[in-house]
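Numbering (the working numbering), first residue to last: 1312 to 1723. Ideal placement from N, C-alpha and C gives every residue a C-beta, glycine not left out. A quick write-up on the structure given underneath.
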Ligand code: BGC
């Protein structure tokens, strides 16, 4: 018996299969900053005697991770827990694939502490089906402080001021905009550009309501025109570059700005950089009052109708106040609870937390379309295709607008 058990354990180790007492976690946190944040979670669980089977699937924004997940579930081998965004959670819950976490949620009082905007995705049909880890937002500018000082560039307040600042950096011989040419990164920029060009009502109509008039509007064309302007400020090697390598260009004084969600801050911190000393964080010009958010959540796959001890431990750990602070300090995001003292977060984190709450109170909080919080994956991916084709010069702005309208129609 003993040798049988040892054999099974050895097999599990060699194949990476999860054993009882382990959680197998599928996620896309593979950059330096992301891995550092993930370690906070692993350590928390190992402190509770729970082992960790890692299932990383590289690819920012999680598109590849969701493809791998589908294949795993189809072959009857779902992971214990999976990092998910917005409408992906809802879609899996609709399929009846997710475990009901209501007991642990009631025990830990999640209803009272998790913001409404996150509950919308963490719950399905009155049941908690995911544990939110954080709140990220996409409408940020990351700027190299040394270059800003050297070139006398103050925080741009408007689109025109931002273009002038980019031009100044370019003229000085640096890369103005550090960017990685991948569809999800192009869409992440478009998130902020569209919000800034058309304002909150436009964003709501076009990306949440999928209103044809808004999608096909002159405002949308102007947003695409602004993307063309930004395209003129990236370097020649941007194609296919990972987002964290773009962040590294800002960190290493090679580039002035990056437009990226606040997971970029995790890279600055991981490189030993400090907000306001080495880098600056501010909202994309023209979106100072808005927050386009996304929240990483861990959904637990149903295991014969019950929540395993390991799943319960993972869910409990994720929403515990100490973990929320420890993790989000490293990840660049802000806590998924509204009742915490965030004085331990750095300046960007405190700003992000206050802005999230203020935007929520004033009706300026929107789910990021680029990160799956405005519409289901089919729509998101259809939008990605158009935005990236335009960014790469396949479509002019007028064509991109038409393509966007028809892509949404087909996938609605
Ligand atoms: C996730 C972040 C992640 C980023 C880049 C986003 O969709 O919410 O947690 O760091 O993608 O991979």
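In the three-state DSSP reduction, residue 1655 falls in the coil class, being neither helix nor strand. Closest option to residue 1451, judged by alpha-carbon separation, among 1622, 1646, 1601: 1601. Between residue 1400 and residue 1608 a beta carbon distance of about 6 Å is seen, short of the 8 Å cut, so the two are scored as contacting. Using a Cβ distance threshold of 8 Å, residue 1486 and residue 1566 count as a contacting pair. Leaving aside the five residues that flank residue 1596 on each side, the residues in its chain whose CB is nearer than 8 Å to its CB run, in chain order, 1452, 1467, 1468, 1469, 1470, 1472, 1473, 1507. Taking every protein chain shown into account, the CB of residue 1709 has fewer than 16 other CB atoms within 10 angstroms, so this residue is exposed.
Distances from the CB of residue 1605 to the heavy atoms of ligand 1 include at least one below 7 Å. Rounded to whole angstroms, the Cβ separation of residue 1351 and residue 1638 is 5 Å, and the two are in contact under 8 Å. Within its own chain, the residues whose Cβ lies closer than 8 Å to the Cβ of residue 1407, once the five positions on either side in sequence are excluded, are 1613, listed in chain order. Judged by DSSP in its simplified three-state form, residue 1372 adopts helix. It is roughly 29 Å from the alpha-carbon of residue 1592 to the alpha-carbon of residue 1355.
The alpha carbon of residue 1674 has as its nearest neighbour, out of 1569, 1632, 1721, 1512, the alpha carbon of 1512. With a cutoff of 8 Å on beta-carbon distance, residue 1397 and residue 1499 are scored as not near each other.
Per the coordinates, the alpha-carbon of residue 1621 lies some 22 Å from the alpha-carbon of residue 1386. Residue 1345 has its CB nearer than 7 Å to a heavy atom of ligand 1. In the three-state DSSP reduction, residue 1340 falls in the coil class, being neither helix nor strand.
Of the other Cβ atoms in all chains shown, 16 or more fall within 10 Å of the Cβ of residue 1690; this residue is therefore buried.
Scanning 1588, 1644, 1458 for the CA closest to the CA of residue 1561 turns up 1458.
One Cα belongs to residue 1699, the other to residue 1455, and the distance between them is close to 26 Å. Considered as a whole, the region 1372-1396 harbours 1374-1385 as its complete alpha helix (DSSP H) runs of no fewer than 4 residues, in chain order.
Annotation for residue 1432: 1397, 1400 place their beta carbon closer than 6 Å to its own, counting only its chain and skipping 5 residues before and after. Annotated three-state conformation of residue 1455 is strand, per DSSP. For residue 1342, same chain residues with a beta-carbon under 6 Å away, outside a window of 5 residues either side, are 1555 in chain order. Each residue's CA atom was taken as its position, placing residue 1655 and residue 1663 some 13 Å apart. Residue nearest to residue 1346 within the set 1369, 1335, 1333 is 1369 (criterion: CA-CA distance).
Around the beta carbon of residue 1632, a 10 Å sphere encloses fewer than 16 other beta carbons of the protein chains shown; the residue is thus reported as exposed. Going by C-alpha positions, residue 1339 is about 22 Å away from residue 1430.
By the neighbour-count definition (other C-beta atoms within 10 Å, threshold 16), residue 1679 is a buried residue. Excluding five sequence positions before and after residue 1693, the CB atoms of its chain that fall closer than 6 Å to its own CB belong to 1718, 1722, given in chain order.
Residue 1642 is positioned such that its CB atom lies no closer than 8 Å to that of residue 1420. In the DSSP assignment, residue 1514 falls outside any beta strand (DSSP E) and lies within the alpha helix (DSSP H) extending over 1494-1514. Of 1494, 1579, 1405, 1594, the smallest CA-CA separation from residue 1697 is found for 1494. The nearest non-hydrogen atom of ligand 1 is less than 7 Å from the C-beta of residue 1554. With at least 16 other beta carbons inside 10 angstroms of its own, residue 1714 counts as buried. A direct Cα-to-Cα measurement between residue 1332 and residue 1611 gives close to 15 Å. Here residue 1544 really is in contact with residue 1488; their C-beta atoms are around 4 Å apart, less than 8 Å.
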